[in-house]
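To keep things clear, I will list the structure first and then write my remarks on it.
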Amino acid sequence: MGIIPAGSMVVRWIVAMLATIVSVCCLASMNNPFEPKPLDIQGHRGCRGLLPENTIPAFKKALALRVTTLEFDLQATKDWTLVVYHDPHLDPKRCIYDDGRKVPKRLIEELTYGDLADIDCGQLFDPRFPTQKKTSGLRIPRLQDVLVLAQQADYPVRLNIEMKWRERKDGLSVHELAGRIIALIKQYDFQSRTIIQSFYPPALRAVREIDGDIARAILVEKPEDYDHRFRESAATILSPRFQQLRLKDVRRFQGRGVPVIPWTVNEAADICRLIRWGVDGIISDYPDRVIELYVKRLC
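Counting in this note's numbering, the sequence shown runs without a single skipped number right up to 336 at its last residue.
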């Protein structure tokens, strides 16, 4: 099928991942004489189940848990500032003005970074995550804010950046957006510790054209789309929706040297099944659950 990523890049990705998870593996080996397969534990939007998503406190908590990778989303504002935010528009169910006014459901690309300065994305209750701790005064961070935080970590944490894309009226192309992301990553010397992921194949092709050494993950929902989406995106990692993932697909892609990192896995039974299947990583809103199950060998 021709699904073979550049060997040197995959080797570099694996070496970097192993360096990051050595502390977790050491904890696991102290509890069990059998070494577990290395697992890239990714905190989804920081650790959305514990703290408001894509905020600095969520990333700090994920670092305190010692996740392997911080996973988060990027949007570009009207003035082309790269901000850590999932949706293309402000979400009035998640964010509010400091003075209590409801935020309008406006596109991020229509707002400057300054327009976001008095928006609080930490105090509204999210019924999907009843244990999420609310914290007032949380701003929408920039990519460089997360890079600085990751630089200050006492271990080599990795980043998994979801590159969001929609056609824009201001002329910002997908290639230029990829270039701006990569330039900032390189400014902070994170290129060897970063995955750029996307649902949009042209975004990953743009990343490869700019720097083919940066790991690229294609996000896919349906098994019937795995092969052609992987090929057309020039990806090096398959990142499937876990509910549709089959063991035979894990084996098939891994047999071709392709890491498999499913999303978003929150329940213990699902986490354990995927660990037993030998996936290369797990993206979770509750990385604490994944760490406990993995380190204590409870699966």
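The beta carbon of each residue, even a glycine, is placed where N, CA and C say it ideally should be.
| query | Where does the unbroken beta strand (DSSP E) through residue 199 begin, and where does it stop? | reply | Locating residue 199 in the sequence shown gives position 162, counting from the first residue. Per DSSP, residue 199 is one residue of the beta strand (DSSP E) stretching across 195-200.
message = Let me check one thing: in DSSP terms, what residues is residue 112 bridge-paired to?
response = Here residue 112 refers to the residue found at position 75 of the sequence shown. Its beta-bridge partners are 120.
For residue 277, three-class secondary structure by DSSP
By one-based count along the sequence shown, residue 277 stands at place 240. For residue 277, the three-state secondary structure derived from DSSP is strand.
ask   = How close, in whole Å, do the beta carbons of residue 108 and residue 320 come, if the pair is a contact with beta carbons under 8 Å?
value = Here the question's residue 108 lines up with position 71 in the sequence shown. Here the question's residue 320 lines up with position 283 in the sequence shown. Between residue 320 and residue 108 the Cβ distance is about 6 Å, and since that is below 8 Å, they are a contact.
Roughly how many angstroms separate the alpha carbons of residue 241 and residue 300, rounded to a whole number? The sequence position of residue 241 within the sequence shown is 204, counting from 1. The sequence position of residue 300 within the sequence shown is 263, counting from 1. Cα to Cα, the separation comes out at about 18 Å.
With distance defined between alpha-carbon atoms, name the residue in 220, 105, 255 nearest to residue 277.
Taking the first residue of the sequence shown as position 1, residue 277 is located at position 240. Comparing Cα-Cα distances from residue 277 to each of 220, 105, 255, the minimum goes to 255.
Original post:
Smallest Cα separation from residue 82: which of 74, 96, 76, 225?
Top reply: Counted from its first residue, the sequence shown places residue 82 at position 45. Ranking 74, 96, 76, 225 by Cα distance to residue 82 puts 96 first.
*Under three-state DSSP, which class holds residue 127?*
Along the sequence shown, read from residue 1 onward, the residue named residue 127 stands at position 90. Coil at residue 127, not helix or strand.
For the alpha helix (DSSP H) containing residue 209, list its first residue and its last residue. For the purposes of this step, residue 209 is taken as residue 172 along the sequence shown, with counting starting at 1. For residue 209, there is no enclosing alpha helix (DSSP H), as DSSP marks it with neither H nor E.
Practice item. With DSSP collapsed to three states, give me the class of residue 252. Key: Indexing the sequence shown from 1 puts residue 252 at position 215. Correct three-state label for residue 252: strand.
For residue 69, count the other beta carbons within 10 Å of its own beta carbon; 16 or more makes it buried, fewer makes it exposed. Which is it?
Against the sequence shown, residue 69 aligns to sequence position 32. For residue 69, the predicted model reports a pLDDT of 47, less than 50, meaning its position is unreliable; a value from the coordinates is still stated below. Note on residue 69: under 16 other CB atoms within 10 angstroms of its CB, so exposed under the neighbour-count rule.
query = So what's residue 169 in DSSP terms, helix, strand or just coil?
reply = Stepping through the sequence shown from its first residue, residue 169 is reached at position 132. Of the three classes helix, strand and coil, the one that applies to residue 169 here is coil, per DSSP.
Legend entry - C-beta contact flag for residue 147 and residue 115 at 8 Å: As a working note, residue 147 is residue 110 in the sequence shown. As a working note, residue 115 is residue 78 in the sequence shown. Against a cut-off of 8 Å, the Cβ pair of residue 115 and residue 147 comes out as a contact.
What are the start and end residues of the beta strand (DSSP E) that includes residue 320?
-> On the sequence shown, residue 320 is found 283 positions in, with the first residue counted as 1. It spans 318-321 - the beta strand (DSSP E) in which residue 320 sits, taken as one unbroken run.
Close-in-space but distant-in-sequence residues of the same chain around residue 317 (CB under 7 Å, 5 per side omitted):
For the purposes of this step, residue 317 is taken as the residue at position 280 of the sequence shown. Within the same chain, Cβ atoms closer than 7 Å to the Cβ of residue 317 are found at 77, 296, 297, 298, the five residues on either side in sequence being excluded.
ask   = Of the choices 327, 313, 269, 112, whose alpha-carbon is the least far from that of residue 283?
value = Locating residue 283 in the sequence shown gives position 246, where the first residue counts as 1. Of the listed residues, the one whose Cα sits closest to residue 283 is 313.
* Asked: In chain order, what residues of the same chain have a beta carbon less than 6 Å from the beta carbon of residue 59, not counting five sequence neighbours either side?
  -> Start at 1 with the first residue of the sequence shown, and residue 59 comes out as number 22. A caution first: residue 59 carries a pLDDT of 47, below 50, which makes its placement in the model unreliable, though a value can still be read off. Correct list: empty, nothing qualifies.
*CA-to-CA distance, residue 181 to residue 273, given in whole angstroms*: Here residue 273 is taken as the residue at index 236 of the sequence shown, counted from 1. Here residue 181 is taken as the residue at index 144 of the sequence shown, counted from 1. Straight-line Cα distance between these residues: approximately 25 Å.
| request: Check the DSSP bridge columns for residue 106 and list the partner residues they point to. | output: Your numbering for residue 106 matches position 69 in the sequence shown. DSSP, once it has assigned bridges, lists 79, 195 as partnering residue 106.
In this structure, does DSSP put residue 139 in helix, strand or coil? Counting from 1 along the sequence shown, the entry for residue 139 is found at position 102. Looking at residue 139 - three-state DSSP - the assignment turns out to be strand.
*Between residue 330 and residue 323, what straight-line distance do the alpha-carbon atoms span, to the nearest angstrom?*
What you label residue 330 is simply residue 293 of the sequence shown in a count that begins at 1. What you label residue 323 is simply residue 286 of the sequence shown in a count that begins at 1. Rounded to whole angstroms, residue 330 to residue 323 spans 11 Å at the Cα level.
- Using 8 Å as the Cβ pair cut-off and three pairs as the minimum, do the segment 202-211 and the segment 110-128 touch? Two segments are said to touch when three or more pairs of C-beta atoms, one from each, lie closer than 8 Å; by this definition the segment 202-211 touches the segment 110-128.
* Helix, strand or coil at residue 232 [DSSP, three-state] -> Within the sequence shown, numbered from 1, the residue matching residue 232 stands at position 195. In the three-state reduction of the DSSP assignment, residue 232 falls in the strand class.
Give the range of the alpha helix (DSSP H) segment to which residue 313 is assigned. For the purposes of this step, residue 313 is taken as residue 276 along the sequence shown, with counting starting at 1. That run of the alpha helix (DSSP H) goes 305-314.
Nearest-angstrom Cβ-Cβ length linking residue 86 and residue 166, presumed shorter than 8 Å:
As a first step, residue 86 is located in the sequence shown; it is residue number 49 there, counting from the start. As a first step, residue 166 is located in the sequence shown; it is residue number 129 there, counting from the start. Residue 86 to residue 166, Cβ: 5 Å. Contact.
Return the chain-ordered list of same chain residues with a C-beta closer than 8 Å to the C-beta of residue 258, the five sequence neighbours on each side being excluded. By 1-based counting over the sequence shown, the position of residue 258 is 221. If the five residues before and after residue 258 are omitted, its C-beta is found closer than 8 Å to the C-beta atoms of 277, 278, 281, all from its own chain and listed in chain order.
*Nearest to residue 110 (by Cα), restricted to the options 310, 306, 94, 233*: The residue labelled residue 110 in the question sits at position 73 within the sequence shown. Measuring from the Cα of residue 110, the nearest candidate turns out to be 233.
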